[in-house]
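Counting from 1, one number per residue, gives the positions in the sequence shown under the UniProt record's numbering.
Even glycine gets a Cβ: it sits at the ideal position worked out from N, Cα and C.
Data first, discussion second: the structure below is written as structure tokens.
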Amino acid sequence: MINRQVFIPLIFLAIFCSSCDSTSTSEKPMSFEKQTVNSKENPSAIESEQPLFSWIASAEGFIKSQSAYQILVASSKEKLNEENADIWNSRKVKSETSAFVKYRGKALKAMQTYFWKVKIWDENGDSSNWSDAQEFKMGLMTNENWGDSKWITLNEDTRTSPHRFRDYKTGKMKGPEPVDGFAASYFRKEVNFDKTIKNAQAYICGLGYYELYLNGEKVGDHVLDPAPSNYDKQAYYVNYDLTNEIRSGKNAFGINLGNGFYGQNISWKRDPESEKDLAYGPPTVKLLVKIEYEDGSKLDFYTDNTWKESTGPIVFNNVYGGDTYDARFELGDWATAGYNDEKWGNVKETTPKIRTISAQQISPIKKLKEFEPQKVFKAPDGNWIVDFGQNIAGWVKLNVQEKAGQLIEITTTEALLTNGKDIFQGSTGGGANGMAQIYKYICKGDGLESWEPKFSYHGFRYAKIKGVSTKPDANMIKAVLVATDIQETGSFVSSDDLLNKMHSISKWTIVDNVHGIPEDCPHREKCGWLGDAHAFCEYALYNYDMYDFYKKYMEDIRTQMRPTKGYNNPDLKFQVPTMIAPGKRTSTYAKIDWGVATMYLPWYNYLYYGDDTIVKDYYEEMRGLTNFYLSYKGENGIMQDGMGDWCPPRWDRRKNPSAMECDPIISANAYFYDVLGIMETFAKMNNDIPFAIKMEKEKQDLKAAFNKEFLKEISGTKHKWYQSQTATVQALQFGIVPDNEIEAVVNGLAHDIVKVKGGHHSTGIHGNRYIYTVLTKYGKADLAHQILTTPEFPSQAYVMSKGFTTWPERQFEWEKMTGPTNSLNHPMHSGFAAYFYESLGGIKSSESDPGYKMFIVNPEFPSAITKTEVSVPTPYGTIINKWHTDNKMLNMNLTVPFNTKAKVVVTASELESLEINGTPISEFKENNTVEITNDAIILGSGEYNIKYSKH
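Given below as structure tokens:
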């Protein structure tokens, strides 16, 4: 019998609890939002022997986490269950790890498809349902699996067009000389498949850019494939699933092959810093098609000397100069079955020097966006100038109707003359690489003709068109953004429209400069300078999925390494990268401040994603390079090497070298101090305890030497600094400043900015990356905002006021120049914008729990900013932080993903006023699991409204 006096209060309690504070734990089941293998959903051409499994789960409620997982891998969907999983059953594994779980099953076989799913248990031991089945396909994995496929190349250059030549002239040459480069080639072969096809997979590796065709249609949407590399050591192939495109019966395969960076034998050949033989050789290509019939039989189709060849309408192609297309030499439907190729010759088999061919794991280059003309006007010479409104990387797309033989020239530039009347080629005119950016199209004259390039890309905003009879409009010409399709994942917006615009410009400058490598610019050089790469890396990681991109670039750095003598001990030999990777325009050995990219890129990738694979894969190279730089240690304990704080205001290494106020030795040693700490961590991760001990000692010694040599009093004040804004900013950022000197040094930095420089920065890429973050961290947030937004030169706001839509390489007073020289699109200057996320948004990953498993929440901002919203996708889900101020109260809406924790930084006085979801912290912690430390509260997953008085 039920006691009614007890029962009624229980009913009341149940009703009451159902409307309790939203922080109560939900019993709703967990669900899976995303599953990846090697950070990709359902990937193909996986080459890892131990792929990495990750999943993003969600669960309503608070403080929800994973306590265990179980993974199943099977050779078919039918076997994907606990009883029959024939490849791997991990069983129940007690672990919080839900990202980059290493495969530990049976050996995976090349070109096989596998299926997998996962189940997890939460913090209470309750299990989820099994996830949906996902799949992954293995690649060729070894060179032997290419079978009988052969490399083929053009046997005979049959170009006869008078437009096959271009002028080549560097600044040191007296006059131009005609060049034609290697010819673009067209290869074809027909094949008959006499059975019903179940599966067809193509594997193609181009040394040089290629496009693959099947029955007259281009395969896939990639352009400028594959990514550039040190081809003789590492080349990349791409896998295409042709099952739905191929047909039983007769099929025709075609390949259009251009030079890319492999056959680039024109530009830089007079550059004293380049190797004499800039081309690896004539472009060549290898194709393998694996056919599986419904009856279980198999067939390989591949390139060999039975393929036919021809030259065609692409009569010139160079990644710097551009394409020339003579439509009078078009080949018709050359990639279709039944095409008459009697006049075509036979290809030549070749054996290029190459060590490894791997599947390309990074996102491909694609056509991402089209731009219509925003303004069209006549130049003084009567030709038309088109302004597309945005500085981009890519090419132009034409629709023209002119007479046969009419030459149309499109010269692309980033800028106009200061007077705005004509294009200015100072930044793109070819003085450095020897070739101006020009596209040429020669009409066939039979009506409307449409064309866009295939084997080159340019950096431009303006196009000058010569040879058209009508005024250009959107029907005649468009600009096409062409870049690696890195997915934008993060976001930032604030109450300050000026900062929002800076964010946009910073993103544009990165997108324009990713074409398989992190470039310095998309026109003159297109080179992967190491210093530029690490300068903007963190900002890129906040905004884009760069997981595979930096892994690929680390391989470029490794394969770029050269044997180099130690500085103080020439008897020792080290493997050292050059200033540029990859490619044959090698420059010199990488100075410290550029070479540290070799350590920084793995460090940032590890910090932002939490995968230690990149650290372990490149540890020996990083260790050796660290020892190489230690060989530069002088008697004063300072490494006697450095390139310098590149491109500070007014600096020109020839005309005004003194404008670089920071001694290159100082900034390089500041970086090296930080890297010694990183290498100590890496050594411990690799169980290299002796090296970790060595790194700790070297770091302590360098800190003492650095402060002894470079920390100085500022005359007439009580302040101190490291003799330049950049060095002072670095010392504060990297923790070099002794604790008892921090106040004096911060005041010294502020003194130089305000009293000496009149409220302006004097930093180049090294200092500008951190100056706004450092000032904000040390209580000078308003000063950081002031120097960032002041309209007078130098500042980021000044650059914007001159109409630039990407960040220029140099910091000059542009209105005093005939036209803006040097590149106007240099992503090394985007690095500062990490400040928007790490300071204004207040989101940073932690070194103790990388990959945002534990992340820091600490918005620090100037009084001018009243609200900010950031989203930061992580391997566990998306962090969202939206805050606004209201009468000195900070109101923050924070989303903490499942299986993560947030460390919300608050002072003791801020803690007194802190409320979470409308409840004072003193009451909140009584009913919720929350950890309170001296300077923070630590919250588990959930959505929180956090309020406190900001001091």
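Residue i versus residue j - alpha carbon distance
i	j	result
Ile787	Pro862	12 Å
Thr36	Lys802	44 Å
Leu824	Trp646	15 Å
Ile614	Tyr608	12 Å
residue 952	Tyr944	No answer is possible for residue 952: the residues shown for the chain start at 1 and end at 951.
Thr559	Gly139	22 Å
Phe574	Glu869	47 Å
Gly345	Thr158	10 Å
Gln201	Gln134	19 Å
Gly175	Lys616	51 Å
Ala359	Thr776	44 Å
Phe455	Gly394	11 Å
Leu154	Leu214	20 Å
Lys844	Ile856	5 Å
Gly431	Lys169	7 Å
Gly434	Ala335	35 Å
Tyr629	Asp674	13 Å
Tyr441	Glu177	21 Å
Pro850	Glu838	15 Å
Lys552	Leu530	14 Å
Ile946	Val906	11 Å
Pro162	Asn239	38 Å
Asp548	Arg524	26 Å
Sheet register partners of residue i (DSSP bridge)
i	result
Thr158	DSSP lists no partner for Thr158.
Asp387	Lys375, Tyr462
Glu33	Answer by DSSP bridge pairing: none, since Glu33 is not bridged.
His829	None, per the DSSP bridge assignment.
Gly345	Glu309
Phe115	Ala74, Glu135
Ser127	Trp121
Pro522	Answer by DSSP bridge pairing: none, since Pro522 is not bridged.
Asn256	Tyr186, Glu211
Gly877	Thr874
Asp167	Pro178
Phe301	Val289
Phe316	Thr324
Pro563	Gln575
Of the residues the options, the one placed nearest residue i, counting alpha carbons only
i	options	result
Tyr236	Gly254, Gly263, Tyr203	Tyr203
Ala337	Thr805, Ser845, Ala908, Lys189	Lys189
Glu743	Thr763, Glu713, Val756	Glu713
Val223	Leu214, Lys250, Gly258, Asn251	Gly258
Phe261	Glu741, Glu449, Val319	Val319
Asp132	Asp663, Val930, Val118	Val118
Glu555	Ser44, Glu620, Lys526	Glu620
residue 960	Asp701, Ile916, Gly637, Ala85	Because the chain in this structure spans residues 1 to 951, residue 960 falls outside the shown range and cannot be described.
Lys882	Asn627, Ala797, Ser494, Leu711	Ser494
Range of the contiguous alpha helix (DSSP H) that encloses residue i
i	result
Ile865	First-last for Ile865: undefined, no H or E at that position.
Gln201	Careful: Gln201 lies outside any alpha helix (DSSP H), inside the beta strand (DSSP E) at 197 to 207.
Trp603	597 to 609
Gln730	725 to 734
Lys551	547 to 560
Ser922	921 to 927
Phe706	689 to 710
Ala908	908 to 913
Residue interval of the beta strand (DSSP E) (run including residue i)
i	result
Met502	First-last for Met502: 497 to 511, but that is the alpha helix (DSSP H), not the beta strand (DSSP E).
Met892	889 to 896
Glu245	Per DSSP, Glu245 belongs to no beta strand (DSSP E) and is neither H nor E.
residue 952	No information on residue 952 is available, as it lies outside the stretch 1 to 951 that the chain covers here.
Ala902	901 to 905
Gly531	Run containing Gly531: none in the beta strand (DSSP E); it sits in the alpha helix (DSSP H), 530 to 535.
Glu402	Here Glu402 belongs to no beta strand (DSSP E), and DSSP marks it neither H nor E.
Trp151	151 to 153
ask   = Going along the chain, which unbroken runs of the beta strand (DSSP E) with 3 or more residues stay wholly within the segment 443 to 477?
value = 449 to 451, 458 to 466
Inside the segment 575 to 663 only - beta strand (DSSP E) runs reaching at least 3 residues = none
inquiry  = Report the start-end ranges of each beta strand (DSSP E) in the segment 36 to 115 that is 3 residues or longer and not cut off at the edges.
reply    = 52 to 58, 66 to 74
task = Enumerate, from N- to C-terminal direction, the unbroken alpha helix (DSSP H) stretches of 4 or more residues contained entirely within the segment 735 to 808.
result = 742 to 751, 765 to 768, 771 to 777, 781 to 789, 796 to 801
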